[in-house]
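Residue numbers (the numbering used here), protein chains in the order written: chain A, 35 to 111; chain B, 223 to 295; chain C, 6 to 359; chain D, 4 to 282. The beta-carbon is built from N, C-alpha and C at its ideal position, and this holds for glycine as well. This structure is a prediction, so every number in the text was calculated from the model and none was measured.
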Amino acid sequence: MKQQIINILQEIRPEFDFSQNFNFIEEGMLDSFDIVSLVTTLDEKYHISIDGMDILPENFATVDSIINLLIKNGVNQ
Amino acid sequence: MEAFIKKLEGILEVDKIEMDDVLLDFEEWDSLTSLSIIATIDADFHFSITAEELLSAGTVGNLIKLIQVKSKK
Amino acid sequence: MNLKFNNKLITGILTILPANEVKFEDEIANYNFSEAKSLKLKMAMGYNTHRIVEEGVTISDLCIFGFNYLFEKEILKKEEIDAIILVTQSPEYFMPPTSNVIQGKLGLKQDMICMDINQGCAGFEIGLIQAFMLLEQEAINKVVLLNADVLSQKVSKRDRNSNPLIGDGASITIIEKTENKNSIFANIKMDGTAFDALIIPAGGFKTPSTPATSEMIEDAAGNFRSLNNLVMKGDAVFNFVQKEVPPMIDNLLKYSGYQRENVDYFMFHQPNKFMLQKLADKMGVPYHKMPNNIVENFGNASGVSIPTAITFNLGQKLIKEKYKICLAGFGVGLTWSSILIDLGNLDFCEIINY
Amino acid sequence: MDKVFYFNDIQVIIKKIKGLNTGYITNFYLEVDRINALINKNQFYKKIIGNTAFFFKDDYEFIHLFYCSSSIDELDKSLTRLRTEMDKYHLVVDIIGKQPNIQSIAYLFKMNGFFEYTVLNRMSRISIQDMAVKSQLNLKIDADSTNCKQIFDLLHQYFDPIAEQLPDLDEIKNWAKSNHLLFVEENGEISGFVIFDLIGVTSYLRYWFVHPKHRNKKIGSILLNEYFKRSEETKRQIFWVIQSNDNAIKRYLHYGFQSENLYDIIVTNNNIKYETTNN
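What follows is the structure, given as structure tokens:
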């Protein structure tokens, strides 16, 4: 799953390397526009609807936090 | 006016409309609904009303009153 | 770009429409939406009846029928024709040009020019501009502009975006030189980056027609069409028209020195009623000056829609009277063009059925 | 229209819309700090109509409208109803996203009485190339409150408030504090400035301005060059440009920027159009 998410991120922002353990938000790799497209992509890809309460930048800051979010929304690892 | 009311019922997807029905309360009301009602009025009564006029009429009864007032002019 | 032509004249317009009339109601079953929604579309967009050719009828059939009508009535003489410009997107062959085919079938003189132009919605303007340019030559005194399309053949019957509004037809417009001094103003713009806003994806050399390209595929809105079918990005076209057409007309008027109030009629391409009403609203033009009734009566036959709007709405009036008319076509290409012209005292201006 | 009191109100509303599980379309991009500031200044309002949540940012001369809806059809129904109530307000909507997807949303707004005002396009540049411009000018970074007020006034005089989301005085002071505001001052007058944000590897060019009285003195390129220098640590510089502004776009292309497939179609319920000013 980790690789899948990195691929999704890579598709949104091909110019950055998401395989490093950066905080994507603080590092300026993802902005608020990217997060909305990320939510849509994740919803479609995993057939879920990410809880509206969770659409906050910090939940998308690292690959691990994104995985946690998906698990919380019912995706099996 | 009878014929116009029949058409309204068709557009709004209901069997019968009442004079005090609120236009915006119809489940299927969208921008196409208002456009088609404006076009129907234009075709049947030969004058045009704006979307604002249509929406501010509020109820079916008021819309019909508006048409009657306008067609007298 | 702005263009100006002097001492040219339109002397006649004939529209040829297939007699076969298809009703929107009869096709509703092909589309997957509710009856109420159909009713709404009918009223708002002006979908009602449209004219569709019987299978096997091509553009040369329509054009030759029209020519013969004019020859029989002796309003047009074969030997006078110095050029045929055919604007169409439904040619009979990739090669030769369909205008040559028509010339041959009619038995016209060899001492002339025939040319096909691949244009659609702005096809009447493009054709007129080309005619005006040919008339600059000493040897050319009379040009016949043909606009003809039978695109209903390329539209999927289950495509509610395009099928309810498509129409077939042809028109014959005669353009000549005049001794009387006059000026015709025009402008034209192109944007090929949006070439796929209106497109028939397969069937040309890039993607030849194969069994695979004729497979019907459902789109997100529930329309079924194949790659051989015409596909239109409806909202993109609407947005393009609302954005580009009003400033184009402003420019044309500014260039010509005339005011909006001087224009008697705005004879625009007829994509659907709603789009034209929105244009009129935006430009501050009263609806009666911008007819929008062609789609509901005949359908949209691309370049033929303006001649149809003129012959249907003004018809015999144009034999006796003279009006200042603003023409505008916009669509496939993308191409958008407008012309300010005095139209009147025509030799003929009517619609005939094929 | 009801006032929003807590950020949490917004989250609960979005949860409800998303929970319908029929899709999610929005032009509302949660920037927590900015929204909290708006809430505290009583500038943020909400209204739920059908399956759409509308948020309103009161910009005094007009209102920015945001939508969160479960589908295009639902947004249509809600917009038709919103129209009756918001008639007297001047609404401005930024429809942000990729072409051609945002066309259909723009179409929807136009069906509901809105008009296109202008279109912005985001441009970006990945690498840094430093182009030294010899400068005799005195570039300053220590804007005091008088300078900030001058810059505020210039922004409001020369920039289009609908197309360019103008900052308030506090925001300008914050940029000055964080050394993200560079300016040139001549005889007590500001002749040019550049304002930017640095967030990690990304640098956002917010405003770049040269006073019309001082054009052709290279002030613009000196300011931009200094901005590039200060963005040296970043991997990407981005900003929004008005799509019809061919001259500006040419200049940016010259500096190595490229147009992204990210657009902002601005629509308003007044039939007015963006007019090219001299900025």
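Inset, instruction - Mind listing the chain C neighbours of S107 (chain D)? Cutoff is C-beta to C-beta under 7 Å, in chain order. - result: D240
Legend entry - Among D:Q14, D:I99, D:K21, the one whose alpha carbon lies nearest that of R125 (chain D): D:I99
Inset, instruction - For D90 (chain D), go through chain B and note every residue whose CB falls closer than 7 Å to its CB, in chain order. - result: E274
Inset, instruction - Indicate the three-state DSSP secondary structure (helix, strand or coil) for S206 (chain D) in the structure shown. - result: strand
Inset, instruction - State the DSSP-derived secondary structure class of L351 (chain C), mapped to helix, strand or coil. - result: In the structure shown, L351 (chain C) sits in coil (DSSP, three-state: anything other than H, G, I, E or B).
Legend entry - Residues bridged to F69 (chain D) (per DSSP): Beta-bridge pairing links F69 (chain D) to D:F58.
Inset, instruction - Excluding the 5 residues preceding and the 5 following S145 (chain C) in the sequence, name in chain order all residues of the same chain whose CB lies nearer than 7 Å to its CB. - result: The amino acid occupying residue 145 (chain C) in the given sequence is Ile; Ser does not appear at that position. The residues are D87, A88, L139.
Inset, instruction - State the Cα-Cα distance for the pair E115 (chain A) and I89 (chain A), rounded to the nearest angstrom. - result: Here chain A covers residues 35 to 111 and nothing more, so residue 115 (chain A) does not appear.
Inset, instruction - Tell me, to the nearest whole angstrom, how far the beta carbon of I1 (chain D) is from that of I154 (chain D); I am working on the premise that it is less than 8 Å. - result: For residue 1 (chain D) there is no data in the structure shown, the boundaries of chain D being 4 and 282.
Inset, instruction - Output yes or no for whether 7 Å exceeds the beta carbon distance between I131 (chain C) and L151 (chain C). - result: no
Inset, instruction - Give a yes or no on whether 7 Å exceeds the smallest Cβ distance from F38 (chain C) to chain D. - result: Output row for F38 (chain C): interface = no.
Legend entry - For R233 (chain D) and T205 (chain D), believed in contact at Cβ under 8 Å, the rounded distance: With a Cβ gap of about 13 Å, T205 (chain D) and R233 (chain D) do not count as contacting.
Inset, instruction - Tell me the start and end of each unbroken alpha helix (DSSP H) in the segment 84-131 of chain C that is at least 4 residues and wholly inside, in chain order. - result: 103-111
Legend entry - Cα-Cα separation, L157 (chain D) to W211 (chain D): Using only the alpha carbons, I get a separation of about 11 Å.
Legend entry - Cut-off 7 Å between Cβ atoms - residues of its own chain near M68 (chain A), not counting five sequence neighbours on either side: The sequence given here has Asp at residue 68 (chain A), not Met. Hits under 7 Å: I46, R47.
Legend entry - Candidates C:E249, C:T198, C:N166: closest to G239 (chain C) by CA position: C:N166
Legend entry - Exposed unless 16 or more other CB atoms sit within 10 angstroms - verdict on R218 (chain D): The residue in question, R218 (chain D), is exposed, as its Cβ has fewer than 16 Cβ neighbours within 10 Å.
Inset, instruction - Kindly list, in the order they appear in chain B, the residues whose Cβ is closer than 8 Å to that of M114 (chain D). - result: S253, L254, L257
Legend entry - Proximal residues of chain D, C-beta to C-beta of G108 (chain A) below 9 Å: Neighbours of G108 (chain A) on chain D: none; closest Cβ ~12 Å, over 9 Å.
Inset, instruction - Could you give the DSSP three-state label for N282 (chain D): helix, strand or coil? - result: The predicted position of N282 (chain D) is uncertain, since its pLDDT is 39 and thus under 50; no value can be drawn from it.
Legend entry - Option nearest N445 (chain C) by Cα separation, candidates C:I315, C:N298, C:L332: The question about residue 445 (chain C) has no answer here: the residues shown for chain C are numbered 6 through 359.
Legend entry - chain B contact for T87 (chain D) (CB, 7 Å cutoff): Interface residue (Cβ-Cβ distance to chain B less than 7 Å): T87 (chain D) is classified as such.
Inset, instruction - Find the nearest neighbour of M288 (chain C) within the set C:M120, C:V300, C:F273, judged by alpha-carbon distance. - result: C:F273
Inset, instruction - Tell me whether the beta-carbon of N192 (chain C) lies closer than 7 Å to the beta-carbon of N7 (chain C). - result: yes
Inset, instruction - Please determine, among C:I324, C:G334, C:N35, C:S343, the residue with the shortest C-alpha to C-alpha distance to Q353 (chain C). - result: In the sequence as presented, Gln is not what sits at residue 353 (chain C); that position holds Phe. Looking from the CA of F353 (chain C), the closest CA among C:I324, C:G334, C:N35, C:S343 belongs to C:I324.
Inset, instruction - Classify K238 (chain B) as helix, strand or coil using the three-state DSSP reduction. - result: coil
Legend entry - Presumed contact (8 Å Cβ cut-off) between I198 (chain D) and F65 (chain D), rounded CB distance: In fact, because the Cβ distance is near 22 Å, the residues do not count as touching under 8 Å.
Legend entry - Through-space distance from T218 (chain C) to E78 (chain A), alpha-carbon basis: For E78 (chain A) and T218 (chain C), the distance between alpha carbons rounds to 28 Å.
Legend entry - Per-residue contacts from T74 (chain A) into chain D (C-beta, under 9 Å): G26, Y27, I28
Legend entry - Nearest-angstrom Cα separation, counted from L64 (chain A) out to S99 (chain A): 14 Å
Legend entry - Under 7 Å by beta carbon: chain D residues contacting Q282 (chain C): Those within 7 Å of Q282 (chain C) in chain D number zero; the least Cβ separation is about 12 Å.
Inset, instruction - Measure the beta-carbon distance from G209 (chain C) to F303 (chain C) and round it to whole angstroms, keeping in mind my assumption that it falls under 8 Å. - result: Contact flag wrong, Cβ pair sits at about 28 Å.
Inset, instruction - Can you pull the chain D residues whose beta carbon is under 9 Å from the beta carbon of S270 (chain B), in chain order? - result: Residues of chain D passing the Cβ test: none, with the nearest at roughly 15 Å.
Legend entry - Residue range of the unbroken alpha helix (DSSP H) whose run includes A285 (chain C): 278-288
Inset, instruction - Determine, using beta carbons only, whether L339 (chain C) comes closer than 7 Å to chain B. - result: Closer than 7 Å: no.
Inset, instruction - Report the neighbours of K80 (chain D) on chain B: residues whose CB is nearer than 7 Å to its CB, in chain order. - result: W251, D252
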